[in-house]
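Number of protein chains: 2
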Amino acid sequence: MQEFLSDAIKPYLNRINAIRTAMTLIEWDNETGAPKGAAEYTANVQGVLAAEYQRAVLEPDFVKLIRQLKADENGTEAQRATGRLLDKEISKLEKIPIEEYENYNRILAQAAGVWQKAKKENDYAAFAPYLELIIEYCKKFAALQAKEGQKLYDVMLEEFEEGFTMEVLDSFFAELKEKIVPLLKKVQAAPQIDADFLHRKYDREKQKEFCLWLAEYLDFDSDRGLILESEHPFTTNLHNHDVRMTTHYYEDAPDSAVFSLIHETGHALYEQDIDDELTQTPVGGGSSMGMHESQSRFYENILGRSEAFWEPVYKKLTETFPQQLGDVTLRQFIRAINRAEPGLIRTEADELTYCLHIMVRYEIEKMIFEENVSVKELPEIWADKYEEYLGIRPENDAEGILQDIHWANGSFGYFPSYALGTAISAQIYHQMKKDLPVDALLREGKLDQIHAYMKERLHHFGAVKKTGDILEEFCGEGFNPGYYTEYLEEKFAGLYGV
Amino acid sequence: MQEFLSDAIKPYLNRINAIRTAMTLIEWDNETGAPKGAAEYTANVQGVLAAEYQRAVLEPDFVKLIRQLKADENGTEAQRATGRLLDKEISKLEKIPIEEYENYNRILAQAAGVWQKAKKENDYAAFAPYLELIIEYCKKFAALQAKEGQKLYDVMLEEFEEGFTMEVLDSFFAELKEKIVPLLKKVQAAPQIDADFLHRKYDREKQKEFCLWLAEYLDFDSDRGLILESEHPFTTNLHNHDVRMTTHYYEDAPDSAVFSLIHETGHALYEQDIDDELTQTPVGGGSSMGMHESQSRFYENILGRSEAFWEPVYKKLTETFPQQLGDVTLRQFIRAINRAEPGLIRTEADELTYCLHIMVRYEIEKMIFEENVSVKELPEIWADKYEEYLGIRPENDAEGILQDIHWANGSFGYFPSYALGTAISAQIYHQMKKDLPVDALLREGKLDQIHAYMKERLHHFGAVKKTGDILEEFCGEGFNPGYYTEYLEEKFAGLYGV
Chain A
1 MQEFLSDAIK PYLNRINAIR TAMTLIEWDN ETGAPKGAAE YTANVQGVLA
51 AEYQRAVLEP DFVKLIRQLK ADENGTEAQR ATGRLLDKEI SKLEKIPIEE
101 YENYNRILAQ AAGVWQKAKK ENDYAAFAPY LELIIEYCKK FAALQAKEGQ
151 KLYDVMLEEF EEGFTMEVLD SFFAELKEKI VPLLKKVQAA PQIDADFLHR
201 KYDREKQKEF CLWLAEYLDF DSDRGLILES EHPFTTNLHN HDVRMTTHYY
251 EDAPDSAVFS LIHETGHALY EQDIDDELTQ TPVGGGSSMG MHESQSRFYE
301 NILGRSEAFW EPVYKKLTET FPQQLGDVTL RQFIRAINRA EPGLIRTEAD
351 ELTYCLHIMV RYEIEKMIFE ENVSVKELPE IWADKYEEYL GIRPENDAEG
401 ILQDIHWANG SFGYFPSYAL GTAISAQIYH QMKKDLPVDA LLREGKLDQI
451 HAYMKERLHH FGAVKKTGDI LEEFCGEGFN PGYYTEYLEE KFAGLYGV
Chain B
1001 MQEFLSDAIK PYLNRINAIR TAMTLIEWDN ETGAPKGAAE YTANVQGVLA
1051 AEYQRAVLEP DFVKLIRQLK ADENGTEAQR ATGRLLDKEI SKLEKIPIEE
1101 YENYNRILAQ AAGVWQKAKK ENDYAAFAPY LELIIEYCKK FAALQAKEGQ
1151 KLYDVMLEEF EEGFTMEVLD SFFAELKEKI VPLLKKVQAA PQIDADFLHR
1201 KYDREKQKEF CLWLAEYLDF DSDRGLILES EHPFTTNLHN HDVRMTTHYY
1251 EDAPDSAVFS LIHETGHALY EQDIDDELTQ TPVGGGSSMG MHESQSRFYE
1301 NILGRSEAFW EPVYKKLTET FPQQLGDVTL RQFIRAINRA EPGLIRTEAD
1351 ELTYCLHIMV RYEIEKMIFE ENVSVKELPE IWADKYEEYL GIRPENDAEG
1401 ILQDIHWANG SFGYFPSYAL GTAISAQIYH QMKKDLPVDA LLREGKLDQI
1451 HAYMKERLHH FGAVKKTGDI LEEFCGEGFN PGYYTEYLEE KFAGLYGV
């Protein structure tokens, strides 16, 4: 393992990796198992580990080695990527005072629990002081990192997706808006699709059984991973041999469990596919948030909502739920899981409206960082924007401003990656169809062949390559959202006859 | 929290605590959830964290602070205990080369998985090379730590129980042997107790339900703890607000689940009871292994196998298993769960034979460390000793030499604490009966009152006091195994009429 790293640099990276792994496991445990009374004390540990991490990354001798690695033009691709990524990390952390970083991380560790409770109890006021503190820290840290003239929110965005500044995103979202909003109007005017049968009573244990089966069908390697439950589905990993994901089970919404599972499996396959040589190093993860999301969205929507995918699988589902689905044809099922319908919850959104949910968040984050809008005003702003773009207004904060965990995590600037990833997934599909008989493979249940292609062409080199370069090599052009709007127009024209 | 620690020392201790907590969680996860293919990669992380721990404990400025703390006669009890315990740890670690310690911990991390597989497949040969390596490291480390003239196995013993050298233990075990072996012979000659009904088919899920209920009945705080499953039941904790235990469920042995659960609850209550002020510090755990085991054995045997305990609880059990226990009276049940019967498995052993299992291990460990017996010979020696003391011989290594995880963990010298703890539990009972109407409280289901007494008198000060001092303060004398042999003789005379 890690043959590409020099003996001088390895001990530092092993230490950084060990701390990161410990932090990841604690977070996983917090979300999936930890006793509810533990948070405050465990948060102390998380704060200390975050500071340890910062200290480890900023060891002067290590910094020197990394800057040499970055500058060395004779280095391998993996070496240079390691230098590049760590230099970025170092440059960020060296500007943040260690005590403040420790405090910030302690607050984050507590905020996750506070948010969860506030959401359950529809109590924004309980979460607001934490949100305010987190925003304050993020702004302060962003100001410390900003290059001359760089805007604060651009600093936040750069953390997740290099090159996608507000300027780029404004025009990206403008294009989406221009295409999606009129399409949604046409869809809403057309006869609606029946999906009542998805709200019958579906036993949770049986949903779980089906989902565990489905993950393996998608080629998830259960010897190197786990599937548990959490309120908000997510994927994480300790290394490429330990990739963990969650879904959730609602009795009256089996599609929520199934599509969350397929989505997370997209993330999980990516992580399981990264070379053994790279795992447990700084380049042993996905290339970027957008690239990661392209995989989850590709599996969830482009494969997972296609008729070809369900043709060999639907029988298994109806056998699991004969009473609930015995009278539903495959065609009816496919139409139901693809229906477009403005809703309040991002994670439950359909393909057509999903990016509008992201737009709301993107615009609010811009306001937070660039217009200093106050935490108090956010619920109202949120509701107004939902009304404007989606035509519906949340009745309470739990289904409004409190729905996502991201801000409790301090992840401002993350949301746009969901939309970018969604657009990239269509670009990938466009290329894949040239190389592989995708529909035929789906109909034959040969998900392993699609997976092998993804692994070979996109996954295995982890973060050694930049997302832009991966796309260039993969399909001969950089990011192009045109494929996505085309895909949507074609798909929904077919579904709704518009 | 931790007001008793100076600001100078806190950052060091927070760091040490964070690393220790991370290591604990990884071990917990390995035993209860981690994917089976993850071990090798996760072991890298464990090795690095162990070395980080060693490095943190040996920071020269920290060592200086600790030695000042230890020497300061004006310090509080908690401060001096912190100094004493850490000085012991430092003195141990500073003699071990860091690379060797890291390698050793990496081997341990792998060995746990290898042992588990070897036990399952009855394949001692697969585990033997690891065992050999572990013994080699332990001997080497013990030799580095030994004071002049100190024997290697005494070094190992001191790690777990100060003052209990081979000399002390030899006479302790001789006393047990002298009393127990003839008592066991008499019991075996008497009419045997029927326990066939305990081998009927008991649904695992229902066992689980009952066990979770029972833990709360015993006053375990589920908001500050967890109960999962593992092959080998154990208890661990991240801090006093996160105490985790496991049990196991066998369809044909509900008593195994129940008494493992009660045993582990004894450990768990101890950890939950430690003062908030002390948790997450070096004195925030149990006073010693023997003291810890006294709590688990007290709950498991002295309370848990008594008629007074089951009087209010047995109804709940028969309601859970009406078909299996409907025809069994409380009296029959009590006799069955107290039957003495030489068996091969320590963790399933009854009260009378338990310490003989420990004697076997103690004597073998002595041979390993003092007579250089080879790893190859161990299965035979094990079987011979079982034949000698218990009159039965294991038919395979899974139920012989491979049954315990301890050696895979490098925990040589740990076993005697089980016997010491068992003896201490009887000594505690002797005193408690003077202070509390124990039987009446049990019959009224007032486990919280017994628990409150334990917390107040034995638990809350953690490792601030030494085990010997705790006993002195508690009952006015030091360790005295006489109470235990008396207890056994009285109990089994009653049960078997011998």
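First to last, the sequence lines map onto chains A and B. So the first sequence is numbered by our numbering: it starts at 1 and just counts up by one. So the second sequence is numbered by our numbering: it starts at 1001 and just counts up by one. Idealized CB from N, CA, C, for every residue including glycine. Keep in mind it's a predicted model, so treat the numbers as computed, not measured.
| Item | Value |
| --- | --- |
| Alpha carbon of G1494 (chain B) to alpha carbon of I1334 (chain B), nearest angstrom | 12 Å |
| Beta-carbon contacts of N480 (chain A) that lie in its chain and below 7 Å, excluding the five residues immediately before and after | Q427 |
| Spatially closest choice to A128 (chain A) from A:K140, A:W115, A:Q188, by CA coordinates | A:W115 |
| Cα-Cα separation, L1441 (chain B) to N1301 (chain B) | 16 Å |
| Beta-carbon separation (whole angstroms), D1219 (chain B) vs H1459 (chain B), contact threshold 8 Å | Wrong, their Cβ atoms sit about 12 Å apart, outside the cutoff. |
| Distance cut-off 7 Å: Y1429 (chain B) Cβ against heavy atoms of the ligand GDP | Ligands are entirely absent from the displayed structure, and the ligand GDP is therefore not among its contents. |
| Selection of the region 41-64 of chain A by Cβ proximity to chain B, strictly under 7 Å | Y41, T42, N44, V45, V48, L49, E52 |
| In chain order, each beta strand (DSSP E) run of at least 3 residues that lies wholly inside the region 1187-1263 of chain B | 1225-1229, 1235-1239, 1242-1247 |
| Interface residues of the region 231-242 of chain A facing chain B [CB-CB below 9 Å] | L238, H239, N240, H241, D242 |
| Minimum Cβ-Cβ distance from P1035 (chain B) to chain A less than 8 Å | yes |
| Check whether Q1068 (chain B) and F1004 (chain B) have beta carbons under 8 Å apart | no |
| 8 Å Cβ cut-off: residues of chain A touching T1281 (chain B) | Ordered by position in chain A, no residue passes the 8 Å Cβ test against T1281 (chain B), which lies about 11 Å from the chain. |
| Chain A contacts made by the region 1197-1223 of chain B, where a contact means CB separation under 9 Å | D1221, S1222, D1223 |
| Neighbouring residues, chain A, relative to G1225 (chain B) (Cβ below 7 Å) | P35 |
| Contact set between R1505 (chain B) and chain A, taken where Cβ atoms lie within less than 8 Å | Nothing about residue 1505 (chain B) can be read from this structure; chain B reaches only from 1001 to 1498. |
| Chain B contact for T265 (chain A) (CB, 8 Å cutoff) | no |
| Residue from A:P60, A:A336, A:S306 with nearest C-alpha to F197 (chain A) | A:A336 |
| Contact under 8 Å by Cβ, I1510 (chain B) with I1364 (chain B) | No answer is possible for residue 1510 (chain B): the residues shown for chain B start at 1001 and end at 1498. |
| Helix, strand or coil at A1349 (chain B) according to DSSP, with G and I counted as helix | coil |
| Nearest-angstrom Cα separation, counted from L1402 (chain B) out to I140 (chain A) | Strictly speaking, residue 140 (chain A) in this sequence is Lys, with Ile absent from that position. Computed Cα separation, rounded: 57 Å. |
| Cβ neighbour criterion (16 or more within 10 Å) applied to S1256 (chain B) | buried |
| CB contact below 8 Å: A1112 (chain B) versus chain A | no |
| Residue span of the alpha helix (DSSP H) that contains G1326 (chain B), given as start and end | Here G1326 (chain B) belongs to no alpha helix (DSSP H), and DSSP marks it neither H nor E. |
| Where E1178 (chain B) falls: helix, strand or coil (DSSP) | helix |
| Length of the line joining the Cα atoms of H263 (chain A) and D194 (chain A) | 24 Å |
| Contiguous alpha helix (DSSP H) assignments of at least 4 residues, all confined to the region 1356-1410 of chain B | 1378-1390 |
| Backbone secondary structure at N1030 (chain B) - three-state DSSP | helix |
| I428 (chain A): first and last residue of the uninterrupted alpha helix (DSSP H) it sits in | 415-435 |
| Minimum Cβ-Cβ distance from D1029 (chain B) to chain A less than 8 Å | yes |
| Buried or exposed (CB count within 10 angstroms, at least 16 for buried), K1119 (chain B) | buried |
| Beta carbon of R20 (chain A) nearer than 8 Å to that of Y53 (chain A) | yes |
| Cutoff 8 Å: I26 (chain A) Cβ touching any chain B Cβ | yes |
| Where A174 (chain A) falls, given that 16 or more other Cβ within 10 Å makes a residue buried | exposed |
| For V313 (chain A), the three-state DSSP class (helix, strand or coil) | coil |
| Check whether S1287 (chain B) and I1470 (chain B) have beta carbons under 8 Å apart | yes |
| Unbroken alpha helix (DSSP H) run spanning L1049 (chain B), endpoints | 1039-1057 |
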